[in-house]
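So the protein sequences, as listed, match chains D and Y. With our numbering applied, the first sequence closes on residue 938, and no number is skipped along the way. With our numbering applied, the second sequence closes on residue 196, and no number is skipped along the way. Worksheet: one structure, shown below.
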Amino acid sequence: MGSTIVEKILARHADQDYVQAGEVVVADIDYAMVTDTRAVNTIKMIDRFGEQPLQFAQKTSLVLDHYSPPPNQEAADIHTAMRTFAKSRGTGLYDIGDGICHQVLPEGGHLTCGDLVVGTDTHSVTYGAFNAFGTGIEGTDVSAVMMSSKLWFRVPETVRIDLQGELAAGVWAKDITLAMLGRFGAEGLNYHAIEYVGDAVRAMAIDDRMTLCNHAAELGAKAAILEPDEKTFAWLRAHGAKTPEPTFADANAQYTDRLIIDVTNLAPQLARKHEVDDIVGVDQIDKQKIQFALIGTCTNGRLDDIRQAASILKGRKLADGVRMIVTPASRQIYLAALREGLIEILSTAGASFDSAGCGTCVGITNRLVPGDGDTVISTANRNFKGRLTNKNADIWLGSAATVAASALTGYITDPRTVEGGTWRSAA
Amino acid sequence: MNEHIAVTGLAFLLGDNVNTDLNCSNKYLPGKDVDYVAQHAFEQLSPGIAANINTAGGGVIVAGKHFGINSSREQAAHVLKKMGVRAIVAQSFGRQFFRNAINNGLPVFECDTTGIEEGQSLTLDLSAGTLVCDSHITQRSHPLPSEILAILSMGGLIPFLQKYPDWKFA
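Here it is in structure tokens:
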């Protein structure tokens, strides 16, 4: 019997010829990441083991992204503890403003095709865009990895989703993944791995592929993984990753389901307020006013997202009564946007830039709080009531194209109806 | 090491989609400690359940689909242990809850829970993957592999690694 991509990766890391969905394996980890939300407990657990050298320290990064910059002294003290720990125990460290964990790990060359990577954040599934098995874990898990370089896994069942056809200009991976949430429901693929294949995936630039895998977290997926191609290898080479071990599924692999979805006629999609799986096409929304537009997060804070927004807002102004904040996913993206003149274009249009980090996604930085009665349109991956700290504001989710088009008109707007809304990445 | 872990206790029922962040952690009770949460856990879903488990001297929670879904707080496992919960039996588990329970030494058992009634006496054999209920229902689950049984018998992943730092325990 053949194997899926995740079965092959787990088998290789467990030093077994073959593993099967449902079995539990102990596997060698290639890289681990700890964010500031889980660092305190992790450091405590490791300190309890005493001062012996941490053999896995060189394959671990601590990332100061959720509380970046720190909104209060408590968060600042967590960051101080992380810097001290990183220095004394020899782990890597990405400081405030360097970027979101899921962006800085691949940018830093820390992972490649065929790797097994864990991080203390649900959206660690993003690494699947590079044909790596990435998955979210908790404090005890990552402490165990840092102390032993191994972790136990139940081998997940896989669903294979073949995305056929060609996305229309102005329609993005974000829209595909919102459509998936409409189809399966939040947590509808709990525990499963997803293999996304097909022409529509191959046509995507790396930025869009990262969105596709990242957003699988809302489906409850343990991993979302793509086949690698020349684009993958070129990107990894450019970022100094080690030699890839490209991993493909066997033709006779066992899947719990195989789906074929044609994306050719897909319209831009939206998650309506409060529910990440309350999905509608943008064409079904009539005159929904917005006051606050956000572009950023590990889902859609990449260069192509900022380019798309700039293509819509170039030489124009935000609609009256609308404010907009852009949070690049990393400092590298911020600098690239600066060099391309995108920051000037968007700032001239009336948008503001915030330092790279998780701020756009969740209210813990306390700098992006909507007012009572505000409607927010955001590229984030979650829109639970009160996510941006104010329970009397609504959050809708859409692509960077939809967010920028809506900021331009003041209403939720199909990007294909505004000039520049059908900009396409050079891929 | 050939672990044989059996758990017995009375059944305490909860339904589908129990969110342990919401019902079994201090995420929405800032500043409250594990002891406090353990006295009030699942109150909205089954009034008096914490007190009843306490009176019975411990018990087994029996739930439907997706126990712990959408919730990642590791504290839930600490709270459940504090409540005297000896194991959770459910039709399925949220992914991170499943990991957290095992990593903190709390047995989890995945099987069909239909027909099990409140207060019935349960016997779980985690190594054999069997559950026997006093109404003579017998259910089977995948037997837990030896690594997981070893982690559970040591009381969690960290104590396990303190004893077996290279994961070699056979």
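Glycine included, C-beta positions come from ideal geometry on N, C-alpha and C. Since this is a predicted model, take the numbers as computed values, not measurements.
Euclidean distance between Cα positions of residue i and residue j
i, j, result
"D:N701", "D:M691", "13 Å"
"Y:N80", "D:A862", "57 Å"
"D:Q765", "D:D673", "15 Å"
"D:D526", "D:N583", "46 Å"
"D:A937", "D:T548", "36 Å"
"D:S822", "D:G931", "5 Å"
"D:R713", "D:I772", "14 Å"
"Y:M27", "Y:P169", "Caution is warranted here: a pLDDT of 48 is assigned to Y:M27, below 50, making its placement in the model unreliable, and the coordinate value is therefore given only provisionally. Straight-line Cα distance between these residues: approximately 16 Å."
"D:Y665", "D:T924", "The amino acid at residue 665 of chain D is misidentified as Tyr; the sequence shows Arg. The straight-line gap from Cα to Cα measures roughly 43 Å."
"D:V793", "D:D686", "10 Å"
"D:E851", "D:T767", "45 Å"
"Y:Q165", "D:T838", "52 Å"
"D:I836", "D:L575", "20 Å"
"D:A680", "D:S910", "12 Å"
"D:S841", "D:A867", "5 Å"
"D:L879", "D:R769", "41 Å"
"D:K800", "D:A550", "40 Å"
"D:S917", "D:N892", "18 Å"
"D:A734", "D:D632", "12 Å"
"Y:A77", "D:F644", "43 Å"
"Y:D61", "Y:V105", "7 Å"
"D:Q802", "Y:F124", "41 Å"
"Y:S98", "D:G807", "24 Å"
"D:L781", "D:S579", "28 Å"
"D:H524", "D:N903", "48 Å"
"D:L521", "Y:G74", "44 Å"
"D:G619", "D:D816", "20 Å"
"D:N763", "D:G513", "5 Å"
Reduced DSSP secondary structure (H/G/I, E/B, other) of residue i
i, result
"D:V787", "coil"
"Y:S167", "coil"
"D:E855", "helix"
"Y:M27", "Only weak support exists for where Y:M27 lies, its pLDDT of 48 falling under 50; the value from the coordinates is given anyway. In the structure shown, Y:M27 sits in coil (DSSP, three-state: anything other than H, G, I, E or B)."
"Y:I95", "coil"
"D:G678", "Looking at the sequence provided, one finds Leu at residue 678 of chain D rather than Gly. If DSSP states are grouped into helix, strand and coil, D:L678 belongs with coil."
"Y:Q188", "helix"
"D:L965", "With chain D represented from 512 up to 938, any question about residue 965 of chain D goes unanswered, as that position is not in the structure."
"D:Y922", "strand"
"D:V873", "coil"
"D:Y605", "strand"
"D:F664", "strand"
"D:I906", "strand"
"D:D673", "strand"
"D:F644", "strand"
"D:L627", "strand"
"Y:L183", "helix"
"Y:T34", "strand"
"D:G513", "strand"
"D:G610", "strand"
Cβ distance (whole Å) where residue i is taken to contact residue j below 8 Å
i, j, result
"Y:S147", "Y:L36", "6 Å"
"D:N776", "D:T890", "Between D:T890 and D:N776 the Cβ distance is about 23 Å, and since that is not below 8 Å, they are no contact."
"Y:G131", "Y:G83", "Contact doesn't hold; Cβ gap of about 19 Å is too wide."
"D:L824", "D:A860", "4 Å"
"D:F567", "D:M715", "Not quite, the Cβ-Cβ distance comes to about 33 Å (not below 8 Å), so this is no contact."
"D:V536", "D:V530", "6 Å"
"D:G699", "D:G731", "7 Å"
"D:P617", "D:F641", "6 Å"
"D:I554", "D:A592", "6 Å"
"Y:V63", "Y:L55", "6 Å"
"Y:S167", "Y:E136", "5 Å"
"D:V708", "D:E738", "6 Å"
"D:G625", "D:E756", "3 Å"
"D:M544", "D:G630", "4 Å"
Below-9 Å beta-carbon distance, residue i vs any chain A residue
i, result
"Y:I142", "Among the protein chains in the structure shown, which are D and Y, there is no chain A."
Of all the residues that make up the segment 698-716 of chain D, which are near chain Y by a beta-carbon distance shorter than 8 Å? Correct list: E698, N701 and Y702.
Completely contained alpha helix (DSSP H) runs for the segment 700-745 of chain D, where each covers 4 or more residues: You should have 710-714 and 717-725.
Between the segment 144-174 of chain Y and chain D, which residues of the former have CB atoms less than 8 Å from a CB of the latter, in chain order? Against chain D - using a Cβ distance shorter than 8 Å - the residues of the segment 144-174 of chain Y are H168, L170, P171, E173 and I174.
Anything in the segment 77-100 of chain Y with a Cβ closer than 9 Å to a Cβ of chain D? List those residues in chain order, please. Answer in chain order: H92, I95, N96, S98, R99 and E100.
Could you name the residues of the segment 652-683 of chain D whose beta carbon sits closer than 7 Å to any beta carbon of chain Y, in the order they occur along the chain? Going along the segment 652-683 of chain D in chain order, one finds D652, S654, A655, M658, S659, K661 and W663 with a Cβ nearer than 7 Å to chain Y.
Relative to chain D, which residues along the segment 110-139 of chain Y have a C-beta separation below 9 Å, given in chain order? Within the segment 110-139 of chain Y, the residues whose Cβ lies closer than 9 Å to some Cβ of chain D are S118, F119, G120, R121, Q122, F124, R125, N126, I128, N129 and N130, listed in chain order.
Enumerate, from N- to C-terminal direction, the unbroken beta strand (DSSP E) stretches of 3 or more residues contained entirely within the segment 536-563 of chain D. Along the length of the segment 536-563 of chain D, whole beta strand (DSSP E) runs at least 3 residues long occupy 542-546, reported in chain order.
Report the residue ranges of all alpha helix (DSSP H) runs contained in full by the segment 42-124 of chain Y; include only those spanning at least 4 residues, in chain order. Unbroken alpha helix (DSSP H) stretches of 4 residues or longer found wholly inside the segment 42-124 of chain Y: 46-49, 60-66, 75-81 and 101-109, given in chain order.
Going along the chain, which unbroken runs of the alpha helix (DSSP H) with 4 or more residues stay wholly within the segment 762-848 of chain D? Listed in chain order, the alpha helix (DSSP H) runs fully inside the segment 762-848 of chain D are 808-811 and 814-824, counting runs of at least 4 residues.
Where the segment 34-49 of chain Y meets chain D: residues whose CB sits under 7 Å from a CB there: For the segment 34-49 of chain Y, which is checked against every Cβ of chain D, not one residue is closer than 7 Å.
Check distances from the C-beta atoms of the segment 534-547 of chain D to those of chain Y and list, in chain order, the residues that come in under 9 Å. If you check each beta-carbon in the segment 534-547 of chain D against every beta-carbon of chain Y, the ones closer than 9 Å belong to E534, V535, V536 and V537.
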